[in-house]
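Undergrad: I have a structure I would like to understand better, so I am pasting it below and will then ask my questions one at a time.
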Amino acid sequence: MWKKKILLGVCEEIYKMKISRTLSFANKLRGEITVPGDKSLSHRALMFNSLAKGKAHIKGLLHSDDTNSTIDCLKKFGVDIQNDSDGSILIFGKGMHSLNEPNDVLDCGNSGTTMRLLSGICAGINGISILTGDDSLRSRPMDRIVDPLTFLGAQIFARNNNSLPPVMIKGGKIIGGQRITPSAASAQVKSAILLAGLYADEEITVVESKTTRDHTEKLLGAMGAKFSIHGNEITLSPPQNELSAIDVTVPGDISTAAVWIVAASIHPDAELTLRNVGINQTRSGLIDILRLMGGDIKLENNRYIGGEPVADLIVRSASLTGVNVSGELIPRAIDELPLVALAGAVAEGETVIQDAQELRVKESDRISTTFKILSDFGVKIEELDDGLHVYGGNPINGAIMNSSGDHRLAMLGAAAGLIADGETTVEDADSVTVSYPTFWEDMEKICQL
Ligand code: S3P
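Under this note's numbering, residues 19 to 467 are what the sequence shown spells out, in order.
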């Protein structure tokens, strides 16, 4: 009895324990990495093929906590999703009008994309859906989808005056003939509206304040949905027939490659080859920003995979100078902005990131968490309402930093640790499993001590 109690206590401790990783300055960064599949495209390939009719084979899918959340949710709508022998995924779509009302609460885990895009589908189908997520996701704003989807005819209730998850949706009657301007420039919100628009009786137009990633328009378009796109106005005509299932090969994720792009650029002795990276124009802001700073990034073997432009990237050490980042560049580099701040810390001069208030509502408040982490490394940095002001050219000292459960921040800390004087400890280091489960192994591979 006594033994059992002790054992249980130990197991509980291990279960609750957050893993830390310690690293120090790498003498050289060398080698090749094929980064995992694009997270945004993986979610979409899974969801849209679940809406379509027919069998689809998805290769190169990101296998991570976020995409597992999407798969688990889709199965609750009655979609048959199977693992194929070669690590790819098979989806047997029954058609958008044959999705079942979910048979359980949809647990979206840490994934905002899962919750917001699925909400659009839930608004379209007949029945009741309840969506929830982890502590981080339950503190992220959902009024940005509740308001437009309600305007389109769905009945929605959410916590905190219809702004926070859990979200309950009664769908089935989407009223078309409407123009909607989302409250934030957000591909997740645009996509939720367009997915609901598939079920509308007339066309629906989304007017974006800034261009956001266009994977939804491209992939749904390839499956037979009819879009007419003029600048930032996207009009969807509801399909007369079922969408056709489509095999997708998912390219590597530029937001994941970003940690190596920045690590190599700021390290004094680096040359990294990053294979198979998606360079969609709406996602490649980081490359433009680093080139403005003087970065040495070459694109080779430009090609198309799954309808998306892809290249191999060769990134070498560079002497960077500070830069101002704002306006249209922000949505094109939204998930990479904490790494831009790190590049700014190493660069000569000042780097100012503005118009990026959206960072405050990501997996953590990335303006304050990036400020805190880079301050811990000794960087001179100021927090702005809508961004960060970084004073570059000062030494970076090893630090004990905490990822706050945010995958991108764990990787930010690791990249800083690779160039810092002294030891760095990344606490809650396993948060990388949200988007890049093999991150720490890949880091060991390229670090030559
Ligand atoms: C995503 C869009 C972006 C991005 C997120 C993934 C997507 O969010 O930050 O990591 O897949 O559509 P917003 O659209 O809310 O800016």
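Ideal Cβ positions, reconstructed from N, Cα and C, are used throughout, including at glycine.
Note that the structure is predicted; figures quoted are calculated from it, not measured.
1) Can you tell me the Cα-Cα spacing of L135 and P159, whole angstroms?
2) So which of N118, R231 and N420 has the shortest CA-CA distance to P349?
3) Considering only C-alpha positions, which residue in the set T85, T387, N298 and A351 is nearest to Y322?
4) Cα-Cα, which of L436, I76 and G303 is closest to V486?
5) Under the three-state reduction of DSSP, which class applies to M419: helix, strand or coil?
6) Are the stretch 378 to 394 and the stretch 320 to 338 touching, with three or more C-beta to C-beta distances below 8 angstroms?
7) Measuring from the CB of Q299, is there a heavy atom of the ligand S3P at a distance below 7 angstroms?
8) What are the boundary residues of the beta strand (DSSP E) that N319 is part of?
9) On the DSSP bridge list, what partners appear for Y409?
10) Per DSSP, which one or two residues make a beta bridge with P327?
11) Do F169 and Q206 have their beta-carbon atoms positioned less than 8 angstroms apart in this structure?
12) Give, in chain order, every unbroken run of the alpha helix (DSSP H) that is at least 4 residues long and sits entirely within the stretch 240 to 305.
13) Under 8 angstroms, do V280 and M311 count as touching if we go by C-beta distance?
14) State the beta-bridge partners of A445 as determined by DSSP.
15) Is it true that the CB of A263 sits closer than 8 angstroms to the CB of G111?
16) With burial defined as no fewer than 16 other Cβ atoms inside 10 Å of the residue's Cβ, what is the status of D303: buried or exposed?
17) Three Cβ pairs or more, each shorter than 8 angstroms: is that satisfied between the stretch 35 to 47 and the stretch 75 to 89?
18) Mind checking whether P166 and I107 have CB atoms under 8 angstroms apart?
19) Taking the C-alpha atoms as reference points, what is the distance between P269 and L331?
20) Where L406 and E368 are concerned, what is the direct C-alpha to C-alpha distance, given to the nearest angstrom?
21) Which of the three DSSP states, helix, strand or coil, is assigned to M35?
22) On the DSSP bridge list, what partners appear for V225?
23) Take every Cβ of the stretch 48 to 68, pair it with every Cβ of the stretch 443 to 451, and state whether three or more of those distances are shorter than 8 angstroms.
24) What residues in its chain sit with their C-beta under 6 angstroms from that of D314, if we drop five residues either side in the sequence?
25) Pull up the distance between the alpha-carbon of L237 and that of N415, whole angstroms please.
26) Which of the three DSSP states, helix, strand or coil, is assigned to L79?
27) In chain order, what residues of the same chain lie with their CB nearer than 6 angstroms to the CB of W20, ignoring the 5 residues before and after it?
28) Within its chain, find whatever has a CB closer than 6 angstroms to the CB of G411; leave out the 5 residues flanking it on each side and keep chain order.
29) Just the C-alpha distance for C91 and D125, rounded to the nearest angstrom, thanks.
30) Is the closest heavy atom of the ligand ZN to the C-beta of H61 under 7 angstroms?
31) How far does the alpha helix (DSSP H) with V164 in it extend, from its first residue to its last?
TA: By the coordinates alone:
1) 14 angstroms
2) R231
3) N298
4) No information on residue 486 is available, as it lies outside the stretch 19 to 467 that the chain covers here.
5) strand
6) no
7) no
8) D314 to I323
9) E368 and K398
10) Y322
11) no
12) 272 to 284
13) no
14) Note on identity: in this sequence residue 445 is Glu, with Ala being the wrong assignment. Paired residue(s): N420.
15) yes
16) It is Gly, not Asp, that sits at residue 303 in the sequence shown. When all chains shown are included, G303 counts as buried.
17) no
18) no
19) 13 angstroms
20) 10 angstroms
21) coil
22) E251
23) no
24) R334 and A336
25) 44 angstroms
26) coil
27) Annotation note: pLDDT 36 at W20 (below 50); position unreliable, no value reported.
28) E366
29) 7 angstroms
30) Absence of the ligand ZN is noted for the structure shown, with the ligand S3P being the only ligands found.
31) D161 to F169
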